[in-house]
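J.: When you line the sequence shown up against numbering that gives the first Met the number 0, it's residues 0 to 380, in that order.
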Amino acid sequence: MDAIEKAIRNALEKGNAEDRAFRERVYRSAFAALDRALQANPGVTVEVAIKRRKAIQATITEIESEFLPAVPDVGLEVDAPAGEPAATAAPAIEIGDKTPSPAVTVDGPVQPASDTPRSRVLPVVPDIMPDATLPGAPAIDMSVPATSGAATEVAPDRDERRIRGRRLPLTAIFFTVTLLAAVGIGVFFAIQTGVFKTAAQLNTAPPEAPPTVEGDDFTPAGGANAPAKPGAADQSRNWINVFSPTDPTHVAAPSDAKASVMKDDTGPFLRIQSGPSGSAVAFDVGQGVLEKLAGKHAVFDIIARAEDGKDTQISVDCNFGELGDCGRKRYAVGQQRNEYLFDVQFPDKHPGSAGTIAVNSDFDKQGKAVNIYEIRVSIEP
0 MDAIEKAIRN ALEKGNAEDR AFRERVYRSA FAALDRALQA NPGVTVEVAI KRRKAIQATI
60 TEIESEFLPA VPDVGLEVDA PAGEPAATAA PAIEIGDKTP SPAVTVDGPV QPASDTPRSR
120 VLPVVPDIMP DATLPGAPAI DMSVPATSGA ATEVAPDRDE RRIRGRRLPL TAIFFTVTLL
180 AAVGIGVFFA IQTGVFKTAA QLNTAPPEAP PTVEGDDFTP AGGANAPAKP GAADQSRNWI
240 NVFSPTDPTH VAAPSDAKAS VMKDDTGPFL RIQSGPSGSA VAFDVGQGVL EKLAGKHAVF
300 DIIARAEDGK DTQISVDCNF GELGDCGRKR YAVGQQRNEY LFDVQFPDKH PGSAGTIAVN
360 SDFDKQGKAV NIYEIRVSIE P
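Structural data, given as structure tokens:
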């Protein structure tokens, strides 16, 4: 059963199908629905419009033939083919005036024969059925083209300009989303790399800290920013010991680095020498110390001097576990015993484990050594 026949039969089931007047209203409603559907679709060709109307005519004739015994006054007889009784032919159905006529039609003239090319503009369909909804007739939806038989399917509009017009919003949305994603990623990386930070925000060193050199905090051996002399730091500070040469067990030296406890007229110290790979010697910072520093502003003090006759540059890195790090610091270390300071603002959280302060004795990888006398830390008031 095709879609047209199914739609009409469904409408007939909603009323008294034995009533001829009801059936006529259903047929008129079907034609009215078809006309509205054709007028609403400017892409329908003349041929398709005619085929759809003829398909409805054929369907109505077939359906009405089933009610022939109940409708004795239906039209004129249709001539039967040669050799067959006239009673077997399908009757003609009145869809217009109630006055009987010799031949009833449900469509106007198709199109006069002409050599002129047909236009794609929808023709004016002869006003066979009223356009308004008929009283007592169920609504019939003819907006979906039939999919079987009689070539009644409406061909889709293949106008390439319309296709491009429909795809344009999707292209614009994709381009906009891609552009926004690229901008967002760029802003994220800019924030992570500190592009939007001021010079003051980027400088995390204490007031005595030197200018930044090659991404490290670097302190020269002399000048206004020289490291503090021994004992020059505020003696009122409550210093917490991190490392002392009397207890070297909390020092770790890689295989190509050296760490030896020694003593001279300056006092005991730990002489460290980084290996050819530039590996650093690590000094433990106990978990108990870090727990005291959590949430505080702390100042670390490394007391050191270079090996006799061999000034060097040291680098300092920190790993405080859950409390973060101190950034890389760089100092020029001379022959005098000096104090090398850096400060850290610790977050207020539990450290969870111990940390380390790693010292590279020769940033230039020339095998120079440095003497470490003490590492300590105090909390800023």
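Note that beta-carbon positions come from the ideal geometry of N, C-alpha and C, so glycine has one too.
Would you say the segment 330-343 touches the segment 240-257, given that touching needs at least three Cβ pairs under 8 Å?
T.: Too few Cβ pairs lie closer than 8 Å, so no.
J.: I need the straight-line Cα distance from A48 to D18, nearest angstrom please.
T.: 30 Å
J.: Might you give, ordered along the chain, the residues of its own chain that have their beta carbon closer than 8 Å to the beta carbon of W238, omitting 5 neighbours on each side?
T.: D300, R375, V376, S377
J.: In terms of residues, what are the limits of the alpha helix (DSSP H) holding V280?
T.: That residue, V280, is in no alpha helix (DSSP H); its beta strand (DSSP E) goes 280-284.
J.: What's the C-alpha gap between S64 and P41?
T.: 34 Å
J.: Is the CB-CB distance between A39 and I3 below 7 Å?
T.: no
J.: With D316 and A357 assumed to form a contact (beta carbons below 8 Å), what rounded beta-carbon distance in angstroms separates them?
T.: 5 Å
J.: Can you tell me whether DSSP reads N237 as helix, strand or coil?
T.: coil
J.: How about Y372 and I302: are their beta carbons less than 7 Å apart?
T.: In contact: Y372 and I302 (Cβ atoms closer than 7 Å).
J.: Whole angstroms are fine: how far does the CA of K309 sit from the CA of D363?
T.: 13 Å
J.: Taking C-alpha atoms, which residue in S273, V260, N240, D263 lies nearest to A252?
T.: S273
J.: Taking I59 as the reference, give the member of F30, V45, V194 with the closest Cα.
T.: That would be F30, whose Cα lies nearest to the Cα of I59.
J.: Which residue from P275, V186, K295 puts its Cα closest to that of T254?
T.: Contrary to the premise, residue 254 reads as Ser rather than Thr in this sequence. For S254, the nearest C-alpha among the options comes from P275.
J.: How many angstroms separate the CA atom of T355 from the CA atom of F174?
T.: 49 Å
J.: What do you get for F345, buried or exposed, if any count of 16 or more other CB atoms within 10 angstroms of its CB means buried?
T.: Burial check for F345: the Cβ neighbour count within 10 Å reaches 16 or more, so the residue is buried.
J.: Can you list the beta strand (DSSP E) stretches of 3 or more residues lying completely in the segment 284-368, in chain order?
T.: 296-305, 311-318, 328-332, 337-344, 354-359
J.: Please work out which residues of its chain come closer than 6 Å, Cβ to Cβ, to D361, disregarding the five sequence neighbours upstream and downstream, and give them in chain order.
T.: S273, T311, K367
J.: For Q272, which beta-bridge partners are listed by DSSP?
T.: K257, A368
J.: Counting along the chain, where does the alpha helix (DSSP H) carrying L33 start and finish?
T.: It spans 19-39 - the alpha helix (DSSP H) in which L33 sits, taken as one unbroken run.
J.: Determine whether the beta carbon atoms of G285 and G320 lie at a separation below 7 Å.
T.: no
J.: Can you list, in chain order, the residues of its chain with a C-beta nearer than 7 Å to that of N318? Leave out the 5 residues immediately preceding and following it.
T.: D324, G354, T355
J.: Which of helix, strand or coil does DSSP assign to F195?
T.: coil
J.: Could you check if N359 is buried or exposed, using at least 16 other CB atoms within 10 Å of its CB as the buried criterion?
T.: buried
J.: Express the C-alpha separation of R35 and N9 in angstroms, rounding to a whole number.
T.: 19 Å
J.: With H, G and I counted as helix, E and B as strand and the rest as coil, what does DSSP make of V45?
T.: helix
J.: Apart from the five residues just before and just after K5, which ones in its own chain have a Cβ nearer than 7 Å to its Cβ?
T.: Once the five neighbours on either side are set aside, K5 has no close Cβ partner at all.
J.: Taking C-alpha atoms, which residue in A279, S278, A189, V250 lies nearest to F268?
T.: V250
J.: Report all residues from its chain with a CB closer than 8 Å to the CB of D307; omit the five preceding and five following residues, and keep chain order.
T.: Q334
J.: Where do the N-terminal and C-terminal ends of the alpha helix (DSSP H) with K5 fall, by residue?
T.: 2-11
J.: What number of angstroms, rounded off, separates the C-alpha of I62 from the C-alpha of V45?
T.: 26 Å
J.: Using the DSSP secondary-structure output, state which residues sit across from E373 in a beta bridge.
T.: DSSP, once it has assigned bridges, lists I302 as partnering E373.
J.: Can you list, in chain order, the residues of its chain whose CB lies under 8 Å from that of G294, leaving out five sequence neighbours each side?
T.: F345, P346, D347, K348
J.: Assuming R22 and L11 make a contact with CB atoms under 8 Å, what is their CB distance in whole Å?
T.: Contact between R22 and L11 is confirmed by a C-beta separation of about 7 Å, below the 8 Å threshold.
J.: Around the C-beta of N15, are 16 or more other C-beta atoms found within 10 angstroms, so that it is buried, or is it exposed?
T.: exposed
J.: If you draw a straight line from the alpha carbon of A297 to that of K291, how long is it in whole angstroms?
T.: A straight-line Cα-Cα distance of about 10 Å links A297 and K291.
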